[in-house]
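With the first letter of the sequence shown counted as 1, position 330 gets the number 337 in my numbering; the numbers rise by one all the way through. All C-beta atoms in this analysis are idealised placements derived from N, C-alpha and C, irrespective of residue type, glycine included. All remarks here apply to the structure that follows.
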Amino acid sequence: MASSSSFCPKHALTLFTSNNNRHNRVISPEFFVRFPASGSLGSSRCVVSIDSSNSNNNNNVKHRLMTSGSSAAAPVMDQSPTQTTSSPAVPTTVEVDLGNRSYPIYIGSGLLDQPELLQRHVHGKQVLVVTNTTIAPLYLDKTIHALKDGNPNVKVESVILPDGEQFKDMDTLMKVFDKAIESRMDRRCTFVALGGGVIGDMCGYAAASYLRGVNFIQIPTTVMAQVDSSVGGKTGINHRLGKNLIGAFYQPQCVLIDIDTLNTLPDRELASGLAEVIKYGLIRDAEFFEWQEKNMEALLARDPSAFTYAIKRSCENKAEVVSLDEKESGLRATLNLGHTFGHAIETGVGYGQWFHGEAVAAGTVMAVDMSYRLGWIDDSIVKRVHKILVKAKLPTTPPETMTVDVFKSVMAVDKKVADGLLRLILLKGPLGNCVFTSDYDKKALDDTLHAFCKS
Ligand SMILES: NC(=O)c1ccc[n+]([C@@H]2O[C@H](COP(=O)([O-])OP(=O)(O)OC[C@H]3O[C@@H](n4cnc5c(N)ncnc54)[C@H](O)[C@@H]3O)[C@@H](O)[C@H]2O)c1
Ligand SMILES: [Zn+2]
Numbered sequence: 008m009a010s011s012s013s014f015c016p017k018h019a020l021t022l023f024t025s026n027n028n029r030h031n032r033v034i035s036p037e038f039f040v041r042f043p044a045s046g047s048l049g050s051s052r053c054v055v056s057i058d059s060s061n062s063n064n065n066n067n068v069k070h071r072l073m074t075s076g077s078s079a080a081a082p083v084m085d086q087s088p089t090q091t092t093s094s095p096a097v098p099t100t101v102e103v104d105l106g107n108r109s110y111p112i113y114i115g116s117g118l119l120d121q122p123e124l125l126q127r128h129v130h131g132k133q134v135l136v137v138t139n140t141t142i143a144p145l146y147l148d149k150t151i152h153a154l155k156d157g158n159p160n161v162k163v164e165s166v167i168l169p170d171g172e173q174f175k176d177m178d179t180l181m182k183v184f185d186k187a188i189e190s191r192m193d194r195r196c197t198f199v200a201l202g203g204g205v206i207g208d209m210c211g212y213a214a215a216s217y218l219r220g221v222n223f224i225q226i227p228t229t230v231m232a233q234v235d236s237s238v239g240g241k242t243g244i245n246h247r248l249g250k251n252l253i254g255a256f257y258q259p260q261c262v263l264i265d266i267d268t269l270n271t272l273p274d275r276e277l278a279s280g281l282a283e284v285i286k287y288g289l290i291r292d293a294e295f296f297e298w299q300e301k302n303m304e305a306l307l308a309r310d311p312s313a314f315t316y317a318i319k320r321s322c323e324n325k326a327e328v329v330s331l332d333e334k335e336s337g338l339r340a341t342l343n344l345g346h347t348f349g350h351a352i353e354t355g356v357g358y359g360q361w362f363h364g365e366a367v368a369a370g371t372v373m374a375v376d377m378s379y380r381l382g383w384i385d386d387s388i389v390k391r392v393h394k395i396l397v398k399a400k401l402p403t404t405p406p407e408t409m410t411v412d413v414f415k416s417v418m419a420v421d422k423k424v425a426d427g428l429l430r431l432i433l434l435k436g437p438l439g440n441c442v443f444t445s446d447y448d449k450k451a452l453d454d455t456l457h458a459f460c461k462s
């Protein structure tokens with residue numbers, strides 16, 4: 008296996024790029040980004056940029072130091088789950104570094120009561136808030152007030168969509184366009200997504216395509232959306248034959264995360280979002296995983312301090328990956344640990360039956376099982392993954408209705424299939440390391456599927 012690595016002495020970070028060309032076929036390079044064992048992920052970060060225009064083995068690596076707002080203020084709760092500090096008045100800010108499309112993620116309590124935060128990112132005089140029937144009674148008035156307070160010239164319209172993953176489709180998307188066109192929204196208007204990942208993905212895709220692209224703001228209200236879907240610009244809708252098959256990369260102007268919105272989130276939804284938090288630890292941040300092992304109870308108890316930290320650290324991890332690989336040519340795909348199996352579950356059982364994070368949790372267990380069968384990780388990781396998912400009240404096996412054939416047929420149309428080969432994100436090496444590869448023994452995949460399915 009050919010590989011190259013490059014080391015940043017200042018921040019003690021090593022980037023490995025390996026390109027496996029066995030069997031004389033072109034396989035996407037595997038990316039490993041290894042962070043130092045003890046936390047350097049404080050207020051200053053080492054950002055590694057991969058210039059993918061270069062040949063695979065000679066990636067051009069540029070390092071920069073990035074400091075992010077007041078984020079260093081967020082506490083790490085190492086021991087006591089009941090330890091709390093008051094939420095900061097100034098929001099914790101994480102920057103997504105994408106050149107002239109960079110944007111801030113504001114995280115904190117009471118942010119919907121700070122109109123200036125939102126208003127500084129609204130261009131033009133027309134705003135369309137996209138939300139759903141569950142969230143509208145809870146937060147629509149507050150959001151409209153935040154958009155209009157001291158700003159009477161702004162006209163705010165809203166469209167309230169039916170609630171559910173099963174409505175993340177073309178018909179429902181059209182209702183957003185209907186409202187925008189009926190309200191004569193022009194090119195300078197701003198679309199605001201107020202809701203979970205479904206609303207964020209749909210509103211983002213609507214913003215990307217309405218008049219070929221209008222301003223867009225994310226106000227995520229689920230853990231899932233706050234730690235993952237609102238950051239990074241992936242937008243889209245489902246097709247009957249597969250999840251998120253129609254969409255666009257489209258970055259927002261800002262992401263405003265008011266953690267108070269989590270107070271109304273049902274427990275099962277909260278747990279679903281934690282599957283993505285756990286994912287960041289597994290793929291690239293062992294120290295964060297260890298923090299989660301100690302603080303899962305605090306997260307389930309909705310401790311604001313623990314949540315602010317978990318969201319910040321998740322957003323930092325996601326922002327870093329997105330700024331290195333916005334359009335998913337390699338590294339970004341690692342954020343999909345457990346998702347190939349998970350999407351098969353979501354599609355197999357019907358959208359909305361299993362929550363996204365629940366399917367990802369069971370999918371993560373399958374990916375970890377396969378990694379172990381390949382001899383790539385030791386069994387202590389298998390046990391820790393199982394334990395933390397159980398602690399987070401997430402499923403660790405797929406539903407009984409899933410068969411090997413259903414898994415295989417849905418996985419065959421996964422977006423990560425390239426040249427007929429299914430690329431998977433698998434753990435490899437010590438905790439916090441993963442690979443994105445199609446170069447694995449197919450028997451291990453078969454064995455995993457048979458181990459988790461009755462037929
Ligand atoms: N774009 C991305 O990068 C990305 C990443 C991960 C997931 N996703 C997508 O996100 C979606 C899942 O997101 P989700 O888990 O947020 O589901 P969701 O949007 O369906 O929200 C879950 C439920 O919680 C309700 N809800 C939302 N906020 C609430 C609040 N504060 N109080 C009470 N109820 C509230 C919603 O109305 C819904 O019923 C999937 O479609 C998935 O594909 C996208
Ligand atoms: Zn996900």
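With distances taken from CA atoms, which of the options is nearest residue i?
{"i": "V329", "options": "E102, A305 and P98", "result": "E102"}
{"i": "M377", "options": "L433, G364 and I167", "result": "L433"}
{"i": "I290", "options": "D265, G439 and Q299", "result": "G439"}
{"i": "G202", "options": "A187, S312 and I264", "result": "I264"}
{"i": "S237", "options": "G204, F256 and I188", "result": "G204"}
{"i": "F362", "options": "S416, V424, H346 and T410", "result": "H346"}
{"i": "K334", "options": "H246, L125, P98 and T242", "result": "T242"}
{"i": "N465", "options": "K449, G131 and D148", "result": "Lying before the first or after the last residue shown, residue 465 is absent from the chain, which here runs from 8 to 462."}
{"i": "A200", "options": "C322, C261 and A293", "result": "C261"}
{"i": "G157", "options": "R127, F184, G171 and I395", "result": "R127"}
{"i": "N343", "options": "E283, I318, T150 and K390", "result": "E283"}
{"i": "I266", "options": "N107, Y113 and Q173", "result": "Y113"}
{"i": "Y287", "options": "G220, N251 and A326", "result": "A326"}
{"i": "P406", "options": "H350, D332, V375 and L277", "result": "H350"}
{"i": "P159", "options": "G171, G115 and Q133", "result": "Q133"}
{"i": "G207", "options": "D235, M192, Q299 and E189", "result": "D235"}
{"i": "A399", "options": "A451, E304, V411 and T228", "result": "E304"}
{"i": "D448", "options": "A368, T99 and L429", "result": "L429"}
{"i": "T410", "options": "L338, Q360, E123 and F459", "result": "F459"}
{"i": "V464", "options": "T271, E300 and R108", "result": "Because residue 464 is not part of the residues shown, which for the chain are 8 to 462, the question remains open."}
{"i": "V230", "options": "D170, G370 and T271", "result": "T271"}
For a test of your reading of the model: does the CB of residue i fall under 7 Å from any non-hydrogen atom of ligand 2? Yes or no.
{"i": "E333", "result": "no"}
{"i": "D208", "result": "no"}
{"i": "D235", "result": "yes"}
{"i": "E353", "result": "no"}
{"i": "V284", "result": "no"}
{"i": "H363", "result": "yes"}
{"i": "V417", "result": "no"}
{"i": "V328", "result": "no"}
{"i": "V367", "result": "yes"}
{"i": "H128", "result": "no"}
{"i": "H393", "result": "no"}
Heavy atom of ligand 1 less than 7 Å from the Cβ of residue i, yes or no?
{"i": "L119", "result": "no"}
{"i": "A425", "result": "no"}
{"i": "M231", "result": "yes"}
{"i": "T268", "result": "yes"}
{"i": "D170", "result": "yes"}
{"i": "N343", "result": "no"}
{"i": "S279", "result": "yes"}
{"i": "L145", "result": "yes"}
{"i": "I142", "result": "yes"}
{"i": "T100", "result": "no"}
{"i": "K175", "result": "yes"}
{"i": "G202", "result": "yes"}
{"i": "L456", "result": "no"}
{"i": "G239", "result": "yes"}
Determine which residues share a DSSP beta bridge with residue i and list them.
{"i": "S265", "result": "According to the sequence shown, residue 265 is Asp rather than Ser. DSSP, once it has assigned bridges, lists G115 as partnering D265."}
{"i": "L180", "result": "Looking at the DSSP assignment, L180 forms no beta bridge with any residue, so it has no partner."}
{"i": "C441", "result": "L434"}
{"i": "N251", "result": "Answer is none; N251 lacks a bridge partner."}
{"i": "V101", "result": "I112"}
{"i": "G243", "result": "G254"}
{"i": "K149", "result": "Note: K149 sits in no beta bridge, so no partner."}
{"i": "L428", "result": "A425"}
{"i": "V234", "result": "Note: V234 sits in no beta bridge, so no partner."}
{"i": "S165", "result": "V136"}
{"i": "V199", "result": "V136 and I224"}
{"i": "Y447", "result": "For Y447, which the question treats as bridged, DSSP gives no partner whatsoever."}
{"i": "Y358", "result": "W361"}
Say yes only if the C-beta of residue i is nearer than 7 Å to one or more non-hydrogen atoms of ligand 3, and no if none qualify.
{"i": "V205", "result": "Only ligand 1 and ligand 2 can be found as ligands here, which leaves ligand 3 out of the picture."}
Exercise. Can you list the alpha helix (DSSP H) stretches of 4 or more residues lying completely in the stretch 370-408, in chain order?
Worked result: Every unbroken stretch of the alpha helix (DSSP H) spanning 4 or more residues and falling wholly within the stretch 370-408 is given here in chain order: 386-398.
For this session: Pick out the complete alpha helix (DSSP H) segments inside the stretch 298-341, 4 residues or longer, and give them in chain order.
Result: For the alpha helix (DSSP H) assignment, the uninterrupted runs of no fewer than 4 residues enclosed by the stretch 298-341 are, from N- to C-terminal side, 311-331.
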